[in-house]
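**Student:**
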Amino acid sequence: MIKTKLATAMLTFGLLSAPSLALEPLPDRARVQHMNTDLLLPDGSTLNVDVSFDCGSDYQNTAVMVMSDSGAKLIAAAYTHLYGEAAGQAVMDTWQTKQNASDPRKPTYLFILAPREQDINWKPNKANKLNNLLSRVSISETNSLDQASETKPQIPVVLAGCGVRDHNSQASH
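Using mature numbering (1 follows the signal peptide of the UniProt record, and there is no 0), the letters of the sequence shown map in sequence onto residues -22 to -1, 1 to 151.
1. Assess, as a yes-or-no matter, whether the stretch 80 to 96 is touched by the stretch 30 to 41 under the definition of 3 or more beta carbon pairs within less than 8 Å.
2. Go through its chain and collect everything with a Cβ distance to asparagine 14's Cβ below 6 Å, but skip five positions before and after it.
3. For glutamate 128, count neighbouring C-beta atoms within 10 Å of its own C-beta (all shown protein chains included) and say buried if the count is 16 or more, exposed if not.
4. CA-CA distance, leucine 25 and arginine 7?
5. Between the beta-carbon of glycine 141 and the beta-carbon of proline 85, is there less than 8 Å?
6. For the stretch 5 to 67, which segments carrying the alpha helix (DSSP H) assignment without a break, of at least 4 residues, lie completely within its bounds, in sequence order?
7. Enumerate in chain order the residues of its own chain whose CB-to-CB distance from histidine 12 is below 8 Å, with the five nearest sequence positions on each side excluded.
8. Which of the three DSSP states, helix, strand or coil, is assigned to valine 135?
9. Verify whether the separation of the beta carbon atoms of alanine 65 and threonine 75 is less than 8 Å.
10. When the cut-off is 8 Å and only beta carbons count, does valine 29 lie next to chain C?
11. Are there 16 or more other CB atoms within 10 angstroms of the CB of tryptophan 100, so buried, or fewer, so exposed?
12. What's the gap between the Cα of aspartate 47 and the Cα of glutamine 77?
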């Protein structure tokens, strides 16, 4: 009886329901909310990692996940087309560079973060090449290079992941 009343009260106050900040379903497609994967490390061992795409996580605005050299080149080409050569080079630099000198390996993947509602003009436009902010972001640090510009496009963030041994210490940054 007490458990029933407690559960009823918790449901009434929303404590057992999905949090208001959780991902919302879309009317016409599924959304990735959580991913569990085994990474094959350079020494042949595996590392199991969980990635939450729900609100509040570092990955909640993931638009693209890159897992190969060809994927990094494809995104670099897109960034070059949309935001200029320096933006494309920043993608490749993030893919080719350890987040920290002491890291055991380069990033396993890149996340391209852009809110679902962000409008990206993918059609040819000279103004797209005039970018004002170029971001190279890793889980542990952000470096920005300001450039003069007539327009101020919001460049999706490139987030490098899984190049460090201890994933949990980086997740809070």
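Backbone N, C-alpha and C define an ideal beta-carbon position, used for all residues, glycine too.
**Tutor:** According to the structure shown:
1. Short answer: they touch.
2. Here residue 14 refers to the residue found at position 36 when the sequence shown is read from its first residue. Cβ within range, chain order: Asp28.
3. Here residue 128 corresponds to residue number 150 of the sequence shown, with the count starting at 1. Residue confidence for glutamate 128 is low, a pLDDT of 49 falling below 50, so the modelled location carries little weight; the figure read from the coordinates is stated next. Looking at its Cβ environment, which holds fewer than 16 other Cβ atoms inside 10 Å, glutamate 128 is exposed.
4. As a working mapping, residue 25 is identified with position 47 in the sequence shown. As a working mapping, residue 7 is identified with position 29 in the sequence shown. Leucine 25 and arginine 7: Cα-Cα distance of roughly 30 Å.
5. In the sequence shown, the residue the question calls residue 141 occupies position 163. In the sequence shown, the residue the question calls residue 85 occupies position 107. Yes; because the gap between Cβ atoms is below 8 Å, this pair is in contact.
6. Fully enclosed alpha helix (DSSP H) runs of 4 or longer: 47 to 61.
7. Translated into the one-based positions of the sequence shown, residue 12 becomes position 34. These residues qualify, in order along the chain: Asp28, Val29, Ser30, Phe31, Asp32.
8. Locating residue 135 in the sequence shown gives position 157, where the first residue counts as 1. Valine 135: strand per DSSP, three-state reduction.
9. Working through the sequence shown from its first residue, we reach residue 65 at position 87. Working through the sequence shown from its first residue, we reach residue 75 at position 97. In this structure, threonine 75 does not lie closer than 8 Å to alanine 65 by Cβ.
10. The structure shown contains no chain C; it holds only a single protein chain.
11. Position 122 of the sequence shown holds residue 100. It counts as exposed.
12. As a working note, residue 47 is residue 69 in the sequence shown. As a working note, residue 77 is residue 99 in the sequence shown. When rounded, the distance between both Cα atoms is 17 Å.
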